[in-house]
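S.K.: I have a structure I would like to understand better, so I am pasting it below and will then ask my questions one at a time.
Protein chains: 2
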Amino acid sequence: MSIHSANHIILTGDRPTGPLHLGHLVGSLRGRVRLQHEFRQFCIIADMQALTDNAGNPEKIRSNILEVAFDYLAAGIDPKITTIFIQSLVPELSELTMYYLNLVTVSRLQRNPTVKDEIRLRRFARGIPVGFLCYPVSQAADITAFKADLVPVGSDQLPMIEQTTEIVRSFNRSHNCSVLVEPKPLLSSVPRLPGTDGKGKMSKSLDNAIYLSDTVDVVHDKVKKMYTDPSHLRPEDPGTVEGNPVFAYLDAFDPDKAGLDAMKAHYRHGGLGDTALKRRLLDVLLPELDTIRERRRLFARDPAQVMGILREGSRAARTVAAQTLEEVRKAMQLDYSSTN
Amino acid sequence: MSIHSANHIILTGDRPTGPLHLGHLVGSLRGRVRLQHEFRQFCIIADMQALTDNAGNPEKIRSNILEVAFDYLAAGIDPKITTIFIQSLVPELSELTMYYLNLVTVSRLQRNPTVKDEIRLRRFARGIPVGFLCYPVSQAADITAFKADLVPVGSDQLPMIEQTTEIVRSFNRSHNCSVLVEPKPLLSSVPRLPGTDGKGKMSKSLDNAIYLSDTVDVVHDKVKKMYTDPSHLRPEDPGTVEGNPVFAYLDAFDPDKAGLDAMKAHYRHGGLGDTALKRRLLDVLLPELDTIRERRRLFARDPAQVMGILREGSRAARTVAAQTLEEVRKAMQLDYSSTN
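Sequence lines, in order, name chains A and B.
Be aware that the first sequence starts at 1, since it is given in this note's numbering, and climbs by one per residue.
Be aware that the second sequence starts at 1001, since it is given in this note's numbering, and climbs by one per residue.
And the structure:
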């Protein structure tokens, strides 16, 4: 890939609304662990963004910051090479957001397909909070503050990158400068992991997730209850591989691709029972999760140390964001250090 | 008035979009000069708010910051007792705004009568900037950051105070605290000064303003051309006092109220010419403007000193705003200094 030949800056991260699960591991964490060795990577724990639809429940955000950090560290994100930081500890992001809000119209935000989908999902009882409508602008601040030119996203998040690109162009054009950097989406080639119920994506709200923090017993139990092919009643019946979440998980976790292909053929033909299939999944899944769980346990034993890591990362992130903000203010002629 | 018996905190200020004029002097500056001796007063030069409808023209904001500061100091606002500060030099205001945006719905902002009026006035060619729609929330941050309980406003600004009150109540209720203080409007008893053309209020965009920075000759010229009573053709004709801007200015500037009443009777009856009337206005107006102009000239000679005053005021404002922000974050449980 051509991107590997240049120096890139990556912004990635999560909203701290719950512990991370296998969907995160497959969809983003593994990529981050790999990319951190190749590029400068910033990883945001987006507490302010999480508050845009959790204003009445900040304790949920507060408690999940450490949970997400434990998951990051356990999964192998290395704070020595990835800058892990808390969004609200980088106030420069708020100031940038305020300036960018003037470059975007209300109707443009209301047309954002991702925002529209999410508003539908959330069914805000008392109307849409302005902060929620504005979060794509806040994301543009997160991305541009670090001059990130690569943002790993799913295809449903492409409108957010587009919004950032528009802001970057508008700002640079307005102020006849090249201070802000246009980001490119880094689309994942890995298919999204379905939930254990086989219904769409894995998510906390659908109660169909296997968490990185789940115990061995819980993982056993969740795999045992996994949805498969409902018409595959007896082992000897032919079964369907497509849409069968157990195979989706095997695709993501089984290193023996030839053996997996043989298993798929066997299942389709008939003669491979769900119990044997799930046994194989546990065999490949549990060792990887054991390693993560053990590392997670060690980090969780010392939350003060982990909070220290986040504070240190936030300080480093501030230094970079403050430099960008200074350039932004200069371009806007809001530089009050002189009287000219 | 009961408000004088307690200790109050006042937030007041201007958008730096142009030099200040007689309308400001009568409507707000005189009040500030008086109130600064009675209460703790913060005076904001709202550059970020000015950018919400001037994003493409930041040099206008930049240059008018010092103009407004010269006007403040010339009019007698004393930086030793009034904290004069630049909005964007207090980044805590941006962070507070971000939190408050989650407490207000989009439709609530769209219903704000002041915002609706101003949107109509401005006729945004490319749609309404989100920042402009959000500026009442940013104002709520300005007011609450200093725990201001009194905000001098015109009656057209009452919806802004209402919006702040709603945010204060919503925040304190949500977080079961009393961190934020509800502001009360301090309605001016002085009627609004009309423009020299007699058409509505004095404003830069209507080109009907007499500026504090105008030279004697310019003031002479503007008063000479002032609109009076169009049916008062000859001195001996009866004239109308109501809606005659020269009398509105005399009401605001002539210290001899009995003499002014006699003049009004004379004008109504006939026999008092517009030239004599304007002569009287110049007699009372010019000495007051001379004093202001001379002080303004001295300040404008040393812009570095004035910028120093603004930077110093902004530092003082930051200290207060940072304290409030800390309380706000604590109430929201976003206090990351500990791991609890």
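Every residue gets a Cβ at the ideal spot worked out from N, C-alpha and C, and that includes glycine.
None of the values given here were measured: they were computed from a predicted structure.
Using the C-alpha atoms, what's the distance from proline 230 of chain A back to valine 130 of chain A?
M.R.: Those two C-alpha atoms are separated by around 44 Å.
S.K.: Any contact of the segment 161–170 of chain A with the segment 90–104 of chain A, i.e. 3+ C-beta pairs under 8 Å?
M.R.: Result yes; three or more Cβ-Cβ pairs closer than 8 Å.
S.K.: How would you call arginine 1301 of chain B, buried or exposed, if buried means at least 16 neighbouring beta carbons within 10 angstroms?
M.R.: It counts as exposed.
S.K.: Verify whether the separation of the beta carbon atoms of isoleucine 1084 of chain B and alanine 1069 of chain B is less than 8 Å.
M.R.: It is a contact, given that the beta carbons lie within the stated cut-off.
S.K.: Spatial neighbours of isoleucine 77 of chain A within its chain, please: CB distance less than 8 Å, with the 5 preceding and 5 following residues excluded, ordered by chain position.
M.R.: Within the same chain, isoleucine 77 of chain A has close Cβ partners Leu29, Arg32, Val33, Gln36, Cys43, Ile84.
S.K.: Nearest to glutamine 41 of chain A by CA position, among A:Ile9, A:Leu51, A:Leu20, A:Ser63, is which residue?
M.R.: Answer by Cα proximity: A:Ile9.
S.K.: So, is arginine 1015 of chain B buried or exposed, given that buried needs 16 or more other C-beta atoms within 10 angstroms?
M.R.: Arginine 1015 of chain B is buried by the Cβ-count criterion.
S.K.: Report the residues of the segment 98–115 of chain A with a CB closer than 9 Å to any CB of chain B, ordered along the chain.
M.R.: Taking 9 Å as the Cβ-Cβ cut-off against chain B, the residues of the segment 98–115 of chain A that qualify are Met98, Tyr99, Tyr100, Leu101, Asn102, Leu103, Val104, Thr105, Val106, Ser107, Arg108, Leu109, Gln110.
S.K.: For proline 136 of chain A, which residues in chain B fall below 9 Å Cβ to Cβ?
M.R.: Those within 9 Å of proline 136 of chain A in chain B number zero; the least Cβ separation is about 10 Å.
S.K.: If you draw a straight line from the C-alpha of serine 337 of chain A to the C-alpha of glycine 1308 of chain B, how long is it?
M.R.: Each residue's Cα considered, the two are about 9 Å apart.
S.K.: In the DSSP assignment, find the alpha helix (DSSP H) that holds glycine 171 of chain A and state where it starts and stops.
M.R.: In the sequence under discussion, the amino acid at residue 171 of chain A is phenylalanine, which differs from the glycine named in the question. Its alpha helix (DSSP H) spans residues 158–174.
S.K.: What distance in whole Å lies between the Cβ atoms of glycine 23 of chain A and alanine 46 of chain A, which are believed to be in contact at a cut-off of 8 Å?
M.R.: That pair is no contact at about 17 Å.
S.K.: Under 8 Å, do cysteine 160 of chain A and threonine 196 of chain A count as touching if we go by C-beta distance?
M.R.: Checking the sequence shown, residue 160 of chain A turns out to be methionine, not cysteine. Cβ atoms of methionine 160 of chain A and threonine 196 of chain A: not closer than 8 Å.
S.K.: With respect to the beta strand (DSSP E) encompassing glutamine 395 of chain A, which residues constitute its N-terminal and C-terminal limits?
M.R.: What the structure shows of chain A is the stretch from 1 to 340, and residue 395 of chain A is not part of that stretch, so it cannot be assessed.
S.K.: Do you know how far the Cα of serine 170 of chain A is from the Cα of aspartate 256 of chain A?
M.R.: C-alpha separation (whole angstroms): 49 Å.
S.K.: Proline 1194 of chain B and methionine 1202 of chain B look like a contact to me (Cβ under 8 Å); what is the Cβ gap, rounded to whole Å?
M.R.: About 7 Å separates the two Cβ atoms, so the contact holds.
S.K.: Tell me, please, whether the CB atom of alanine 316 of chain A is closer than 8 Å to any CB atom in chain B?
M.R.: Alanine 316 of chain A does not count as touching chain B.
S.K.: So, does the CB of alanine 322 of chain A fall closer than 8 Å to a CB anywhere in chain B?
M.R.: Cβ-Cβ to chain B under 8 Å: no for alanine 322 of chain A.
S.K.: Have a look at the DSSP bridge pairing and note the partners of tyrosine 249 of chain A.
M.R.: Partner(s): none; tyrosine 249 of chain A has no beta bridge.
S.K.: Could you tell me whether the Cβ atoms of methionine 1098 of chain B and serine 314 of chain A are closer together than 8 Å?
M.R.: The answer is no: Cβ separation not under 8 Å.
S.K.: Which chain A residues are close to isoleucine 1086 of chain B, counting only those with a beta carbon under 8 Å from its beta carbon?
M.R.: Ordered by position in chain A, the residues that pass the 8 Å Cβ test against isoleucine 1086 of chain B are Tyr336.
S.K.: Residues of the segment 39–51 of chain A with a CB closer than 7 Å to any CB of chain B: list them in chain order, please.
M.R.: Cβ contacts with chain B: Asp47, Met48, Leu51.
S.K.: Express the C-alpha separation of glycine 1127 of chain B and proline 1183 of chain B in angstroms, rounding to a whole number.
M.R.: Going from the Cα of proline 1183 of chain B to the Cα of glycine 1127 of chain B covers about 32 Å.
S.K.: Please tell me whether proline 58 of chain A has its Cβ less than 8 Å away from any Cβ of chain B.
M.R.: Output row for proline 58 of chain A: interface = yes.
S.K.: Could you spell out where the alpha helix (DSSP H) holding lysine 201 of chain A opens and where it closes?
M.R.: No alpha helix (DSSP H) contains lysine 201 of chain A, which DSSP labels as neither H nor E.
S.K.: Can you list the residues of chain C that serine 178 of chain A reaches, using a CB-CB cut of under 9 Å?
M.R.: The chain labelled as chain C is not found among the protein chains of the depicted structure, namely A and B.
S.K.: Using the Cα positions of leucine 20 of chain A and isoleucine 210 of chain A, report the straight-line distance between them to the nearest angstrom.
M.R.: Cα to Cα, the separation comes out at about 9 Å.
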